[in-house]
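Asker:
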Amino acid sequence: MSKDFPLTPEQLQTLVKKFPTPFYLYDEKEIRENMRYFTRAFSIFPDFREYFAVKALPNPYILKILASEGCGADCSSLPELMLSSLSGITGKHVMFTSNETPASEFVYAGEHGNIINLDDITHIAFLKKALGGKLPETLCFRYNPGPLKEGNAIIGKPEEAKYGLTREQLFDAYAECKAEGVKHFGLHTMVASNELNPDYFVETAELLFQLCVELQERLGVRIEFVDLGGGIGIPYKPDQKKVDLDYVARGIRAVYDRLIVPAELDPLSVYWECGRPVTGPYGWLVTTALHEKHIYREYIGVDASMADLMRPGMYGAYHELTVSGKESAPADHVYDVVGSLCENCDKFAVQRKLPEIVPGDLLVIHDAGAHGRAMGFNYNGKLRCGEILMRTDGSFRQIRRKETVDDYFATLDLDGVAEFE
Ligand SMILES: *Cc1c(COP(=O)(O)O)cnc(C)c1O
264 MSKDFPLTPE QLQTLVKKFP TPFYLYDEKE IRENMRYFTR AFSIFPDFRE
314 YFAVKALPNP YILKILASEG CGADCSSLPE LMLSSLSGIT GKHVMFTSNE
364 TPASEFVYAG EHGNIINLDD ITHIAFLKKA LGGKLPETLC FRYNPGPLKE
414 GNAIIGKPEE AKYGLTREQL FDAYAECKAE GVKHFGLHTM VASNELNPDY
464 FVETAELLFQ LCVELQERLG VRIEFVDLGG GIGIPYKPDQ KKVDLDYVAR
514 GIRAVYDRLI VPAELDPLSV YWECGRPVTG PYGWLVTTAL HEKHIYREYI
564 GVDASMADLM RPGMYGAYHE LTVSGKESAP ADHVYDVVGS LCENCDKFAV
614 QRKLPEIVPG DLLVIHDAGA HGRAMGFNYN GKLRCGEILM RTDGSFRQIR
664 RKETVDDYFA TLDLDGVAEF E
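Per the numbering used here, the sequence shown starts with residue 264, numbered consecutively.
(1) Please report how far the alpha carbon of P530 lies from the alpha carbon of D310, in whole angstroms.
(2) Rank F488, F359, L341 and G514 by C-alpha distance to the C-alpha of F315 and give the top, closest one.
(3) Report back the beta-carbon spacing between E400 and H447 to the nearest angstrom; my notes put them in contact at under 8 Å.
(4) Say the cut is 8 Å; is the CB of E536 nearer than that to a heavy atom of ligand 1?
(5) How long is the line joining the alpha carbons of L528 and I486, rounded to whole angstroms?
(6) Is the stretch 573–592 touching the stretch 646–660, taking contact as three or more C-beta pairs under 8 Å?
(7) Can you check which of these residues, I662, D382 and L346, is closest to K425 by C-alpha distance?
(8) Taking just the CA atoms, how far does L288 sit from I378?
(9) So is G354 buried or exposed if we call it buried at 16+ other beta carbons inside 10 Å?
(10) Give every residue of the same chain whose Cβ lies closer than 8 Å to the Cβ of E443, excluding the five residues on either side of it in the sequence, and list them in chain order.
(11) DSSP state of H386, grouped into three classes?
(12) When you compare the stretch 547–562 with the stretch 628–643, are there three or more beta-carbon pairs, one atom per stretch, that lie closer than 8 Å?
(13) Which residues bound the beta strand (DSSP E) around C334?
(14) Can you give me the start and stop residues for the beta strand (DSSP E) that C403 sits inside?
(15) Decide if T277 is buried, meaning its Cβ has at least 16 other Cβ atoms within 10 Å, or exposed.
(16) Does the beta-carbon distance from E536 to M653 come in below 9 Å?
(17) DSSP on A552, reduced to helix/strand/coil?
(18) How big is the Cα-Cα spacing for I563 and Q274?
(19) Within 10 angstroms of the Cβ of V680, are there 16 or more other Cβ atoms? Answer buried if so, exposed if not.
(20) Keeping to the same chain, check which residues put their C-beta closer than 7 Å to that of G351; ignore five residues upstream and five downstream.
(21) For E431, which of Y406, Q473, K441 and R513 has the nearest alpha-carbon?
(22) Any heavy atom of ligand 1 within a distance shorter than 8 Å of the CB on I352?
(23) Reducing DSSP to helix, strand and coil, say where E368 ends up.
(24) List the residues that DSSP assigns as beta-bridge partners of D490.
(25) Along the chain, where does the alpha helix (DSSP H) containing R574 start, and where does it finish?
(26) Quick one: is R636 buried, meaning 16 or more other Cβ sit within 10 Å of its Cβ, or exposed?
(27) Among residues of its own chain, excluding the 5 on either side of K556, which ones have a beta-carbon nearer than 6 Å to its beta-carbon?
(28) For a quick check, are the C-beta atoms of F286 and E650 less than 9 Å apart?
(29) Tell me the rounded alpha-carbon separation between A393 and I384.
(30) Return the Cβ separation of L482 and A438 in integer angstroms, given the expectation that the two are a contact with Cβ distance under 8 Å.
(31) Could you please give the first and the last residue of the uninterrupted beta strand (DSSP E) stretch that includes F659?
(32) On a CA-only basis, which of S265, V565, R574 and G579 is nearest V621? Give me that one, please.
(33) Closer than 7 Å by C-beta to Y324: which residues in its own chain qualify, once you throw out the five before and the five after it? Chain order, please.
(34) Which class does H375 belong to by DSSP, given the choice of helix, strand or coil?
(35) Among Q479, L508 and D435, which residue has its Cα nearest to the Cα of V465?
(36) With H, G and I counted as helix, E and B as strand and the rest as coil, what does DSSP make of M653?
Written as structure tokens, this is what we have:
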């Protein structure tokens, strides 16, 4: 089954005349509908919130759309906290899940009343010092279950991951914070990335719920929210299946009824901090074929590069690629579709069966709406592309312009370079 793209070849041609390729295109209507489905699935919990992982698509227009659908923001740096503020996401609707955090960032999150999710037991004292001797009223801790949970290929084994506190440390951390007068507690974990097995998330929730019960029994600490992290995958390959969020929600609800309700911990809020499943499938990188080259393999060179979309080069990630106007043409050619970086891993598709491509063809790289433009970089003097939003009414709005040479030079101290010897 071929993947969806919201524009006909004629509509795309018209758009490209106004906004030259390469660019990212996002579909507001699909993002909203998908978020409503997500929210509906989890409405079987007394209090649910998705804190959108800002790193996946750090653009205030997108954040405002998601905020209007009830989302909060999950941040890991000062600029992300500031972007969330700017988008009207404030206070407890911002989760600060960071690691190796500088004091100044804790200060900003503290002053703005954001929920701080600590990555280590030693960060309690660090945070207290940063905030002038007083801990916030609400604190969350990130749990690393180590050998109790298998990771997956992208994130690796929890035992080898730098994140979070061990099980023993968690008990000490909550006890310490309770003694320090912290009033509200959350518990977080994130142990998978791009996982498509829905049962995996039910198991993760069970792990956290068991801990909530144990924390109550051993320390009298009542956890008020669990944050299940991100990690819900999307079907990048045409033969993969979307995670059924209704199934995941019902599965987690059954564990909730078995563990949380009898322990009298109900109501317990359930949060996610997903990025990928929220915007990933509703963003596309549009690029033009510039060159064809016939050496030991057949190559198509395009005007985007790994500097615009790093995932294929970095993790060998698969992204579906279609040729606008040739959706039903036979895939009777085998190509490597490549960008212009002086790195041979700069390939959007490797030995991929595609219809015949000629210079000037518009290529659509699918599922680029999360961890796409955001992971871009400037190596080789590549200027990252811009972003266009297709509004619900079908109109288009540029929400980030393409970088210019001036942007590239902006951080250089050029005063005096002419005289420099
Ligand atoms: C990356 C990340 C997320 C979002 O992950 P997705 O795979 O985009 O859903 C959420 N929380 C933390 C702590 C992360 O590092």
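For each residue, glycine too, the CB sits at the ideal point set by N, CA and C.
Answerer: Once the coordinates are examined:
(1) Distance between P530 and D310, taken at the CA atoms: about 8 Å.
(2) Distances from the CA of F315 to each of F488, F359, L341 and G514 were compared; the closest alpha carbon is that of F359.
(3) The Cβ separation is near 6 Å, so the contact holds.
(4) Indeed, a heavy atom of ligand 1 lies less than 8 Å from the Cβ.
(5) Near 8 Å, if we compare the C-alpha coordinates of I486 and L528.
(6) Because the criterion of three Cβ pairs below 8 Å is not met, the stretch 573–592 and the stretch 646–660 do not touch.
(7) Answer by Cα proximity: D382.
(8) I378 and L288: Cα-Cα distance of roughly 32 Å.
(9) With fewer than 16 other Cβ atoms within 10 Å, it is exposed.
(10) Cβ within range, chain order: I387, K391 and L398.
(11) Note: H386 maps to helix in three-state DSSP.
(12) With a cut-off of 8 Å, the stretch 628–643 and the stretch 547–562 count as touching, because enough Cβ pairs lie within range.
(13) Counting along the chain, C334 sits inside no beta strand (DSSP E), nor does DSSP assign it H or E at all.
(14) Residues T401 to Y406.
(15) T277 comes out exposed.
(16) No, these two residues do not count as a Cβ contact at 9 Å.
(17) Strand at A552.
(18) When rounded, the distance between both Cα atoms is 24 Å.
(19) Under a 10 Å Cβ-count criterion, V680 is classified as exposed, with fewer than 16 other Cβ atoms of the shown protein chains found around its own Cβ.
(20) Within the same chain, G351 has close Cβ partners K327 and A330.
(21) The candidate whose alpha carbon is nearest that of E431 is Y406.
(22) Because no heavy atom of ligand 1 lies under 8 Å away, the Cβ of I352 does not count as near it: no.
(23) It is helical.
(24) For D490, the beta-bridge partners assigned by DSSP are H451 and Y534.
(25) Looking at the DSSP string, the run of the alpha helix (DSSP H) that includes R574 is R574 to Y578.
(26) A residue is called buried when at least 16 other Cβ atoms come within 10 angstroms of its Cβ; R636 meets this threshold and is buried.
(27) The answer, listed in chain order, is Y562.
(28) The Cβ atoms of F286 and E650 sit closer than 9 Å to each other.
(29) If I take the Cα positions, the gap works out to 15 Å.
(30) The pair is a contact, with the Cβ atoms about 5 Å apart (cut-off 8 Å).
(31) Annotation for F659: the continuous beta strand (DSSP E) segment containing it runs F659 to R663.
(32) For the options S265, V565, R574 and G579, the alpha carbon positioned closest to that of V621 is the one of V565.
(33) Closer than 7 Å at the Cβ level, and outside the excluded window around Y324, lie L652 and I662.
(34) For H375, the three-state secondary structure derived from DSSP is coil.
(35) Cα-wise, what sits closest to V465 is L508.
(36) Here M653 sits in strand by DSSP.
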